[in-house]
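Data block below; observations after.
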Amino acid sequence: MMEEKITHVEGLEALAPLKSSVAIAVNGSRKSKYIVQWALEKFIPEGVLLFKLLYVRPKIIAVPTPMGNSIPISQVRDDVATAFRKEMEWQANEKLLPYKMMCTRRKVQVEIIQMESDDVVNAIAEQVARGNIHKLVIGVSSRSLFSRGPNLSSRISGCTPSFCTVYAVSKGKLSSVRPSDSETTGSTRDNCSDTSSSNNNSSSYNSSSEWADQSSTASYSPFSSLSLPQQRFQALKTMNQALLHQRMNSKESIVIRSLSCKIGESDDDTSSCTSYSDVNDFYTATSSFGSLPADNQSYSTDSASISDFSSVNISFELEKLRIELRHLRGMYAMAQSEAIDASKKLNDLNKRRLEETIKLKEITLKEEEAKQLAKQEKEKYEATKREANYVKECAEREAAQKREAEAKVLQEAKEKEKLENALVGPVNPYQKFTWEEIVSATSSFSEDFRVGMGAYGSVYKCTLGHITAAVKVLHTKDAYRSKQFQQEIEILSRIRHPHLLILLGACPDHGCLVYEFMENGSLEERLLAKHNSVPLPWFERCRIAWEVASALAFLHKTKPKPIIHRDLKPANILLDHNLVSKIGDVGLSTMVQSTLSTSYKETGPVGTFCYIDPEYQRTGLVSPKSDVYALGIVILQLLTAKPAIALAHLVEKAIENDSISDVLDEDAGEWPIEETKKLATLALRCTELRGKDRPDLDDEVLPFLEKLKHIAAHKARDRAQPQAPNHFICPILKEVMDDPNVAADGYTYERKAIEGWFKENDTSPMTNLPLPHKNLLPNYTLLSAIMDWKSPKD
Numbered sequence: 001m002m003e004e005k006i007t008h009v010e011g012l013e014a015l016a017p018l019k020s021s022v023a024i025a026v027n028g029s030r031k032s033k034y035i036v037q038w039a040l041e042k043f044i045p046e047g048v049l050l051f052k053l054l055y056v057r058p059k060i061i062a063v064p065t066p067m068g069n070s071i072p073i074s075q076v077r078d079d080v081a082t083a084f085r086k087e088m089e090w091q092a093n094e095k096l097l098p099y100k101m102m103c104t105r106r107k108v109q110v111e112i113i114q115m116e117s118d119d120v121v122n123a124i125a126e127q128v129a130r131g132n133i134h135k136l137v138i139g140v141s142s143r144s145l146f147s148r149g150p151n152l153s154s155r156i157s158g159c160t161p162s163f164c165t166v167y168a169v170s171k172g173k174l175s176s177v178r179p180s181d182s183e184t185t186g187s188t189r190d191n192c193s194d195t196s197s198s199n200n201n202s203s204s205y206n207s208s209s210e211w212a213d214q215s216s217t218a219s220y221s222p223f224s225s226l227s228l229p230q231q232r233f234q235a236l237k238t239m240n241q242a243l244l245h246q247r248m249n250s251k252e253s254i255v256i257r258s259l260s261c262k263i264g265e266s267d268d269d270t271s272s273c274t275s276y277s278d279v280n281d282f283y284t285a286t287s288s289f290g291s292l293p294a295d296n297q298s299y300s301t302d303s304a305s306i307s308d309f310s311s312v313n314i315s316f317e318l319e320k321l322r323i324e325l326r327h328l329r330g331m332y333a334m335a336q337s338e339a340i341d342a343s344k345k346l347n348d349l350n351k352r353r354l355e356e357t358i359k360l361k362e363i364t365l366k367e368e369e370a371k372q373l374a375k376q377e378k379e380k381y382e383a384t385k386r387e388a389n390y391v392k393e394c395a396e397r398e399a400a401q402k403r404e405a406e407a408k409v410l411q412e413a414k415e416k417e418k419l420e421n422a423l424v425g426p427v428n429p430y431q432k433f434t435w436e437e438i439v440s441a442t443s444s445f446s447e448d449f450r451v452g453m454g455a456y457g458s459v460y461k462c463t464l465g466h467i468t469a470a471v472k473v474l475h476t477k478d479a480y481r482s483k484q485f486q487q488e489i490e491i492l493s494r495i496r497h498p499h500l501l502i503l504l505g506a507c508p509d510h511g512c513l514v515y516e517f518m519e520n521g522s523l524e525e526r527l528l529a530k531h532n533s534v535p536l537p538w539f540e541r542c543r544i545a546w547e548v549a550s551a552l553a554f555l556h557k558t559k560p561k562p563i564i565h566r567d568l569k570p571a572n573i574l575l576d577h578n579l580v581s582k583i584g585d586v587g588l589s590t591m592v593q594s595t596l597s598t599s600y601k602e603t604g605p606v607g608t609f610c611y612i613d614p615e616y617q618r619t620g621l622v623s624p625k626s627d628v629y630a631l632g633i634v635i636l637q638l639l640t641a642k643p644a645i646a647l648a649h650l651v652e653k654a655i656e657n658d659s660i661s662d663v664l665d666e667d668a669g670e671w672p673i674e675e676t677k678k679l680a681t682l683a684l685r686c687t688e689l690r691g692k693d694r695p696d697l698d699d700e701v702l703p704f705l706e707k708l709k710h711i712a713a714h715k716a717r718d719r720a721q722p723q724a725p726n727h728f729i730c731p732i733l734k735e736v737m738d739d740p741n742v743a744a745d746g747y748t749y750e751r752k753a754i755e756g757w758f759k760e761n762d763t764s765p766m767t768n769l770p771l772p773h774k775n776l777l778p779n780y781t782l783l784s785a786i787m788d789w790k791s792p793k794d
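Residues 1 to 794, numbered by the UniProt record's numbering, are exactly what the sequence shown covers, in order.
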């Protein structure tokens with residue numbers, strides 16, 4: 001049993017099979033268009049409004065791969081096979097879309113039926129039988145000279161069920177018809193009745209029946225090699241010969257033979273059947289035959305025999321011939337119309353050929369222009385390539401010189417480091433001091449050596465190993481015995497930050513910590529007590545605020561456990577001899593106990609009143625936002641030099657009343673009002689009651705303070721420093737350089753300024769001459785001189 005897969009890809013919903021529907025077998029070629037057009041012209045006038053397009057696709061047995069080979073469909077996944085089948089159905093849909101549009105334009109219903117089979121003949125035959133199709137239109141397939149056996153159209157006609165009438169169309173014209181059983185039976189019955197009515201004896205009845213069978217066989221043999229007009233003339237010829245053979249005498253046979261010869265000539269030559277001259281001659285001959293007994297005297301003696309022949313049957317046959325003649329005339333008119341259409345199409349094709357010729361000339365001209373342009377582009381490419389090679393060689397030479405210079409600088413740095421290590425000696429991250437050394441250095445903790453007292457112990461100034469240090473002696477007796485104390489000493493001794501007080505060593509047996517000594521004391525002393533010291537200018541205070549914030553950010557990012565200070569205040573911010581600030585008292589119980597957590601719960605209160613986070617006081621949860629709160633209070637004190645009690649409320653009222661200048665510290669100098677107001681607003685945001693309302697230290701606080709520090713540094717430099725030497729000033733910015741670099745022209749520039757110049761220029765800013773390269777070499781000698789000039793003089 002043949003496997004067949006029928007897919008209704010698109011079209012109308014399935015309709016009940018009716019005899020008024022017509023099926024058209026198409027294969028997607030150019031000839032299929034003429035087959036569909038013929039069917040529409042033929043059956044729409046007859047009232048047929050449902051057409052079915054039958055299309056047979058080869059059976060899918062393999063799936064192609066991108067490499068060009070194929071994989072059997074049984075070896076691929078089901079989803080891949082389904083997707084490939086859908087792709088094939090979609091391609092067939094696109095191929096059949098023009099035929100569907102032809103039917104749609106004629107306002108008829110159309111249904112597309114796709115069949116998947118390797119046997120086209122059986123697939124169409126089974127679909128006709130299954131769909132109860134009574135009219136099938138197919139194309140006449142071309143037949144090679146050397147081919148044997150019936151062609152595809154003949155095979156389809158032979159296998160199609162007998163209840164279906166098959167129409168074969170070639171080049172838009174009806175080539176042959178294979179009628180259904182109902183049509184064949186009706187035609188045979190009519191012929192037999194006519195013959196029996198004209199003959200009463202048994203011999204004539206048998207002869208007529210034999211003639212009817214022959215006529216039926218000759219007229220309706222499935223797709224004989226004769227065309228439709230030839231089949232009809234052959235049938236008439238056989239009928240006349242059978243009727244006249246028994247009745248007519250020898251003289252009448254002469255007339256019939258002449259008539260038969262005329263019909264035979266038409267039968268042998270297809271073109272003569274369709275020409276007007278031959279058809280008219282044949283019509284004249286048949287008319288003469290009908291009036292022969294009355295007009296020709298030579299046949300007068302045979303009039304009785306001819307009347308016996310049954311003039312009724314002869315008139316019937318002549319009427320058939322006249323109908324056939326009218327049909328041939330109609331076909332001739334149709335052929336003439338098609339010839340006119342072909343002539344018009346030929347003229348259109350000639351016109352299109354001229355247009356294509358003009359377009360071809362234009363394309364040729366454009367091709368020549370493109371070749372010239374390609375030639376020019378190639379020359380430009382060669383020139384650019386040569387230039388690129390030259391630039392590459394120059395870059396390689398400069399890179400080699402740069403590598404040599406870097407290697408030389410690295411070697412010098414290593415030698416310098418070796419000399420420093422030889423002079424200073426190895427630095428231990430944590431140095432242990434004995435109790436006797438600490439007692440001796442502080443003269444048994446004399447009051448003359450005590451420089452301060454904190455919440456956790458007293459601080460003494462002493463000298464240990466030729467280094468001036470500050471020794472902090474803890475009050476708690478058991479703190480130095482705990483494992484946590486030992487662990488924190490190990491971690492704090494390795495913390496290094498420019499603005500964190502360095503832990504030089506410790507005496508674990510007696511709970512003593514040794515820090516570096518800060519000459520200018522604490523920030524609280526300079527702001528509040530002052531001790532007759534020089535007041536801090538406003539630009540120094542902005543710098544100190546940035547330094548404290550950067551140190552806090554470093555503590556919050558310490559690994560493996562972040563550190564929260566929890567006791568940030570001006571008393572714990574110390575100043576060295578250059579007024580550089582460092583946070584001290586990064587003391588015990590400041591490390592978050594759980595790794596990677598941002599807060600933890602502390603049962604006992606830690607810190608100083610007015611600097612403690614209100615959320616920490618309420619919930620007991622400490623987090624990095626607790627240090628942000630304390631930082632906000634410290635910034636407000638830097639601005640106002642007032643105690644921390646109710647300071648936030650005071651500054652907030654001043655900002656609301658636009659009188660911020662009334663609360664600023666006048667001893668700091670002339671504050672920049674706009675920048676100061678923004679700094680005060682940021683500090684108030686840091687002192688919000690809820691931690692989530694405070695700004696982030698890294699994302700908001702530090703960027704603003706850094707920007708403010710640069711502004712303050714420029715204004716402070718213009719105010720505090722004397723006139724700088726000319727070689728300290730950048731030729732582009734006209735300011736003292738912070739990062740001097742030597743360019744290829746031999747002049748020294750600020751790095752950012754000369755890099756910005758190089759983005760738009762290839763020449764020297766000083767000489768306006770082309771530069772051989774754009775490499776920069778740091779001028780460390782000039783940088784050292786500028787730093788010495790900027791540093792405050794004792």
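Where a beta carbon is used, it is the ideal one built from N, C-alpha and C, also for glycine. All values derive from a computational prediction rather than experimental measurement.
Delimiting residues of the alpha helix (DSSP H) encompassing residue i
i, result
"Ala571", "Per DSSP, Ala571 belongs to no alpha helix (DSSP H) and is neither H nor E."
"Tyr629", "624 to 640"
"Arg790", "Reading the sequence as shown, one finds Lys at residue 790 and not Arg. Element bounds for Lys790: 780 to 790."
"Val121", "120 to 131"
"Ala553", "538 to 556"
Cβ separation of residue i and residue j, assumed to be a contact under 8 angstroms, to the nearest whole Å
i, j, result
"Thr468", "Phe517", "5 angstroms"
"Val63", "Ala39", "Their Cβ separation, rounded to whole angstroms, is 36 angstroms, which puts Val63 and Ala39 out of contact at 8 angstroms."
"Asp662", "Pro535", "About 18 angstroms; that fails the 8 angstroms criterion."
Exposure label - residue i; buried when at least 16 CB within 10 Å
i, result
"Val128", "buried"
"Val391", "exposed"
"Gln114", "buried"
"Gly330", "exposed"
"Asn347", "exposed"
"Met787", "exposed"
"Ser791", "exposed"
"Phe539", "buried"
"Cys273", "For Cys273, the predicted structure reports a pLDDT of 36, less than 50, and the residue's modelled location is therefore unreliable. A value from the coordinates is still provided. Classification of Cys273: buried, given that the 10 Å Cβ count is 16 or more."
"Ile583", "buried"
"Pro72", "exposed"
"Phe433", "buried"
"Asp613", "buried"
"Thr165", "buried"
Proximity to residue i [Cα-Cα], best of the options
i, options, result
"Ile138", "Ala92, Ser154, Met737", "Ser154"
"Tyr99", "Ile71, Cys394, Ile24", "Ile24"
"Leu733", "Gln336, Ala743, Lys752", "Lys752"
"Cys542", "Lys569, Thr676, Gln411, Thr463", "Thr676"
"Cys159", "Arg178, Lys173, Leu174", "Arg178"
"His577", "Asn741, Leu523, Phe449", "Leu523"
"Asn775", "Lys561, Asn313, Thr357, Ala405", "Ala405"
"Asp699", "Trp789, Ala553, Lys559, Val22", "Ala553"
"Pro161", "Asn151, Asp181, Cys610", "Asp181"
"Ala644", "Ile655, Tyr629, Glu355", "Tyr629"
Opening and closing residue of the beta strand (DSSP E) in which residue i lies
i, result
"Asn775", "Per DSSP, Asn775 belongs to no beta strand (DSSP E) and is neither H nor E."
"Leu136", "135 to 139"
"Ile24", "21 to 25"
"Met451", "Note on residue identity: the sequence assigns Val, not Met, to residue 451. 450 to 453 is the span of the beta strand (DSSP E), which, as asked, contains Val451."
"Tyr611", "Looking at the DSSP string, Tyr611 is not in any beta strand (DSSP E), and its letter there is neither H nor E."
With three or more C-beta pairs closer than 8 angstroms as the rule, is the stretch 520 to 528 touching the stretch 458 to 478?
Because the criterion of three Cβ pairs below 8 angstroms is not met, the stretch 458 to 478 and the stretch 520 to 528 do not touch.
Decide yes or no for the touch test of the stretch 763 to 770 against the stretch 778 to 786: beta carbon pairs closer than 8 angstroms, at least 3 of them.
Verdict: no, contact absent.
Answer yes if the stretch 163 to 171 comes into contact with the stretch 34 to 52, meaning at least three C-beta pairs across the two stretches below 8 angstroms, and no otherwise.
A contact exists between the stretch 34 to 52 and the stretch 163 to 171.
Is it the case that the stretch 499 to 516 contacts the stretch 559 to 569, given that we only count it when at least three CB pairs across the two stretches are under 8 angstroms?
Three or more Cβ pairs closer than 8 angstroms define a contact, and the stretch 559 to 569 falls short of that threshold against the stretch 499 to 516.
Can we say the stretch 704 to 718 touches the stretch 673 to 692, given the rule of at least three CB pairs closer than 8 angstroms?
Yes, they touch.
Counting pairs of beta carbons, one from the stretch 107 to 123 and one from the stretch 38 to 54, are three or more of them closer than 8 angstroms?
They touch, by the three-pair rule.
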